[in-house]
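Q:
In this note's numbering, the protein residues as written are 6 to 488.
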């Protein structure tokens, strides 16, 4: 029985749910050579457009396109020459499909057990809400019939497409909408699941699993705003609703529950539900955006040639597929004895294994701590910006550690000095032998009798900061104090 913790019986409700995952890719834009920068530069040119709907391949005007055209808005576009060219403005024909983006897409498709199509054809999907200057989004089907395993059984992935990212909306009012074009044309991988998701929590699990696969592949962008989840749901006597705007996985179950209850309420009042697109709000409710688009918005792209995918190309990609991120995390935990949270970071950062292999006199756990935990301490404790540290800075400090020139407790102090741009005298941080340390601690205890272990600890560490390890100091103190 598929119930959630709020008592919804999803099976009895006739619940149907599928996901669309949209993931940005790195490299150049999909149909030109502009970089995928998301520039913070002030715009240096722009344009104004009015967009109108046209008939699709079925000979009809799409209902969502007609809805947007009825608003009669004017669209203002701004851009910077560092990340936008005439292709984005539809003043120059598109370049051939970017092969790096296609390669990343094919790697993801194979990891999702999908079948690569023999020939890739680009289509135009009518979009006239202003987010595409052309009035359409270029999209190409690259793989079919994939699947993933979950705790609730196998979930199908019938379609994987490679398409253009939309422009970023800056604002609207008085019949006008403003967009920035740095994001327009970034390669976007769309992964659509079947409607076989069984509950709100199951939807979260499926999204998390697909996200893990995406993060396993080189060429996939990371960070806030680089991945989005759309959820399609319906219940018996209800209507299919597409919910957009999810950024965090934790919000998926709560928004799905709200939408199910909303449809239940309308059905109980005898109201007819319409197929529509709704927005996921911060308070986990949904609000109307537009009617749900259909097949009438698709027609062929005549400016981009088809791309053939050979069996040899697929074989080569398959033989060089990366390990899944979950597998990498498990390997790092077992091979280097890393905690799970640290192993998660190490799995996405190639520096760890490179540094651990190069500096073999340093315990791997300390290498990982320095790369992933120490930067957080520098920011929280010392209010310093760890992004100012270069790979060379870490290598220099690891070199001192590897050669025994400094104690491990000196690492954070040396990195802090690097950030501040201060000169480093390594001799000041040279370690002290256990015998010398015990002798100095005896002197301090004799000079200040009656203190607690914590009191002596503070005095010793103040005198030998960066030279003595706290664990060793406490060990000696306990021995001297008879604990």
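All residues carry an ideal CB built from backbone N, CA and C; glycine is no exception.
Are the CB atoms of residue 238 and residue 18 within a distance shorter than 7 Å?
A: It is not a contact, given that the beta carbons lie outside the stated cut-off.
Q: Quick check: the Cα distance between residue 74 and residue 57, rounded to an integer number of angstroms?
A: About 6 Å.
Q: Does the Cβ-Cβ distance between residue 25 and residue 331 come in under 7 Å?
A: Going by C-beta atoms, residue 25 is not nearer than 7 Å to residue 331.
Q: If I follow the unbroken alpha helix (DSSP H) through residue 270, where does it start and stop?
A: From DSSP, the alpha helix (DSSP H) with residue 270 extends over 256–273.
Q: Just to confirm, is the Cβ distance from residue 205 to residue 261 under 7 Å?
A: Cβ atoms of residue 205 and residue 261: closer than 7 Å.
Q: If you check the beta carbons only, do residue 143 and residue 127 fall under 7 Å apart?
A: Their beta carbons are under 7 Å apart, which means residue 143 touches residue 127 by this criterion.
Q: Report the three-state DSSP secondary structure of residue 455 (helix, strand or coil).
A: Three-state result, residue 455: coil.
Q: Assuming residue 369 is part of the alpha helix (DSSP H), what are its boundary residues?
A: 369–373 is the span of the alpha helix (DSSP H), which, as asked, contains residue 369.
Q: Please report how far the alpha carbon of residue 137 lies from the alpha carbon of residue 171, in whole angstroms.
A: Their backbone Cα atoms lie some 6 Å apart in a straight line.
Q: Would you check if the distance between the CB atom of residue 244 and the CB atom of residue 271 is smaller than 7 Å?
A: No.
Q: Using the Cα positions of residue 90 and residue 39, report the straight-line distance between them to the nearest angstrom.
A: If you take the alpha carbons of residue 90 and residue 39, they lie about 7 Å apart.
Q: Closest by CA to residue 229, which one among 453, 28, 445?
A: That would be 28, whose Cα lies nearest to the Cα of residue 229.
Q: If you measure between the beta carbons of residue 302 and residue 131, is that distance less than 7 Å?
A: Yes, Cβ-Cβ distance for residue 302 and residue 131 is below 7 Å.
Q: Leaving aside the five residues before and after residue 443 along the sequence, list all residues of the same chain whose C-beta is less than 7 Å from its C-beta, in chain order.
A: So the qualifying residues of the chain are 481.
Q: Would you report the Cα separation of residue 129 and residue 291, rounded to the nearest angstrom?
A: Distance between the alpha carbons of residue 129 and residue 291 is about 29 Å.
Q: Between which two residues does the alpha helix (DSSP H) containing residue 252 stretch?
A: Residue 252 -> no alpha helix (DSSP H), and no H or E assigned at all.
Q: Taking a contact to mean a Cβ-Cβ separation below 7 Å, would you say residue 181 touches residue 79 in this structure?
A: Contact: yes.
Q: Helix, strand or coil for residue 23? Go by DSSP, reduced to three states.
A: Three-state result, residue 23: strand.
Q: At 4 residues or longer, what runs of the alpha helix (DSSP H) sit wholly inside the region 92–131?
A: Fully enclosed alpha helix (DSSP H) runs of 4 or longer: 104–116.
Q: I need the straight-line Cα distance from residue 379 to residue 325, nearest angstrom please.
A: Their Cα atoms are separated by approximately 34 Å.
Q: To which residues of the same chain is residue 161 closer than 8 Å at the C-beta, ignoring the five residues directly before and after it?
A: Closer than 8 Å at Cβ, skipping near neighbours: 150, 151, 152, 198, 199, 201.
Q: For residue 6, count neighbouring C-beta atoms within 10 Å of its own C-beta (all shown protein chains included) and say buried if the count is 16 or more, exposed if not.
A: At residue 6, the pLDDT of 43 sits below 50, so the modelled position is not reliable and the matter cannot be decided from this model.
Q: Does the beta-carbon of residue 358 have 16 or more other beta-carbons within 10 angstroms, so that it is buried, or is it exposed?
A: Answer is buried; the Cβ neighbour count reaches 16.
Q: Rank 275, 286, 282, 192 by C-alpha distance to the C-alpha of residue 253 and give the top, closest one.
A: Checking every option, the nearest Cα to that of residue 253 belongs to 286.
Q: What residue range does the beta strand (DSSP E) around residue 172 cover?
A: Premise fails: residue 172 is in no beta strand (DSSP E) and is neither H nor E.
Q: Which ranges does the beta strand (DSSP E) cover as unbroken runs of at least 3 residues, wholly within the region 162–212, from first to last along the chain?
A: Within the region 162–212, the complete beta strand (DSSP E) runs of at least 3 residues are 173–178, 181–185, 192–197.
Q: Are the CB atoms of residue 221 and residue 305 nearer to each other than 7 Å?
A: Contact: no.
Q: When you measure from the CB of residue 229 to every non-hydrogen atom of the ligand SAH, does any distance come out below 6 Å?
A: Although the ligand SAH was asked about, the structure shown includes no ligands whatsoever.
Q: Taking residue 52 as part of the alpha helix (DSSP H), name the residues at either end of that continuous run.
A: Segment 50–54 is the beta strand (DSSP E) holding residue 52; no alpha helix (DSSP H) there.
Q: Taking only the alpha-carbon atoms, compute the straight-line gap between residue 381 and residue 215 and give it to the nearest angstrom.
A: In a straight line, the C-alpha of residue 381 is about 28 Å away from that of residue 215.
Q: Which residue's Cα is closest to the Cα of residue 335: 322, 352, 207?
A: Comparing Cα positions, the closest option is 352.
Q: The beta strand (DSSP E) spanning residue 148 covers which residue range?
A: Counting along the chain, the beta strand (DSSP E) containing residue 148 begins and ends at 141–155.
Q: Which same chain residues end up closer than 6 Å to residue 183 when comparing Cβ atoms and leaving out the 5 residues on each side of it in sequence?
A: Closer than 6 Å at Cβ, skipping near neighbours: 81, 175, 176.
Q: Can the beta-carbon of residue 247 be found closer than 7 Å to that of residue 207?
A: No; because the gap between Cβ atoms is not below 7 Å, this pair is not in contact.
Q: Rounded to whole angstroms, what is the Cα-Cα separation between residue 86 and residue 193?
A: Distance between the alpha carbons of residue 86 and residue 193 is about 22 Å.
Q: Spatial neighbours of residue 68 within its chain, please: CB distance less than 6 Å, with the 5 preceding and 5 following residues excluded, ordered by chain position.
A: Excluding sequence neighbours, residue 68 sits near 296.
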